[in-house]
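Everything below concerns the one structure shown next.
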Amino acid sequence: MIAGLGHDIVSVAQFAQQMQDSNGWRALFSVRELRQCDLRAQAKNDEKALHIAARWAGKEAVIKAWSEALCTINSPYPYTLDNMPWASIEILNDSHGCPRVILGSDVHSQLVKSLESVFAKNSDVKNQDAKNPDSSKRLDQVLENLDNKICWHISLTHDGLLEDNSAFASAVVMLEVL
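In this note's numbering, the protein residues as written are 77 to 254.
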């Protein structure tokens, strides 16, 4: 089941400008993310800002996909802009160079807890339907080991030139519950 879909686009030039300021932007990324962006920029002989901006778009898209899942039941979000643990939402490449969403344990726990609420609420609505007597049994199957059934799909891209302010980074994220 697709629980949520998120998309974000970032102006790389504006993001690169923010990176030059001493505003603590590094705290928004994990050490592993920063290291991967450094290595990727060196390997591609391009600007680090392209890769950092793409990961930022990925983080934003993760939040949007998660928020879409929660809005189906009008549930409050577990985090605000003031307490969002950005560095615990990692966008890291796997051994094949493909991006993956890696959540820190606290963030993952919040995700599982919030999705349990979504499924429970949706089940309450379905249980009111007399034609659907097996819905509570299916809910139990979904909720059993829910944390092992969550799957993130992510695609990152960037295009354009940083020098002429035409560079953009974009990410699409899908939150799936198997």
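A virtual CB, placed ideally from N, CA and C, is assigned to each residue, including glycine.
Residue i to residue j, Cα distance in whole Å?
{"i": "L232", "j": "A245", "result": "7 Å"}
{"i": "I149", "j": "R176", "result": "27 Å"}
{"i": "Q94", "j": "L157", "result": "18 Å"}
{"i": "L237", "j": "D122", "result": "10 Å"}
{"i": "E239", "j": "L104", "result": "25 Å"}
{"i": "L254", "j": "I230", "result": "16 Å"}
{"i": "H234", "j": "V194", "result": "33 Å"}
{"i": "H172", "j": "L179", "result": "19 Å"}
Between which two residues does the beta strand (DSSP E) containing residue i stretch?
{"i": "R102", "result": "R102 -> no beta strand (DSSP E), and no H or E assigned at all."}
{"i": "M250", "result": "F244 to V253"}
{"i": "N169", "result": "I165 to N169"}
{"i": "C174", "result": "Per DSSP, C174 belongs to no beta strand (DSSP E) and is neither H nor E."}
{"i": "T156", "result": "No beta strand (DSSP E) contains T156, which DSSP labels as neither H nor E."}
{"i": "T233", "result": "I226 to D235"}
Output the boundary residues of the alpha helix (DSSP H) element that contains residue i.
{"i": "A92", "result": "V88 to Q96"}
What whole-angstrom Cβ distance do residue i and residue j have, given they're in contact under 8 Å?
{"i": "A125", "j": "V249", "result": "Contact flag wrong, Cβ pair sits at about 21 Å."}
{"i": "E136", "j": "D170", "result": "Not really, about 21 Å apart at Cβ, beyond 8 Å."}
{"i": "R108", "j": "L168", "result": "6 Å"}
{"i": "N241", "j": "A89", "result": "4 Å"}
{"i": "G80", "j": "A247", "result": "In fact, because the Cβ distance is near 14 Å, the residues do not count as touching under 8 Å."}
Original post:
Taking only runs of the alpha helix (DSSP H) that begin and end inside the stretch 98–142, which ones reach a length of at least 4 residues, in chain order?
Top reply: Within the stretch 98–142, the alpha helix (DSSP H) runs of at least 4 residues that lie entirely inside it are, in chain order, 107–120.
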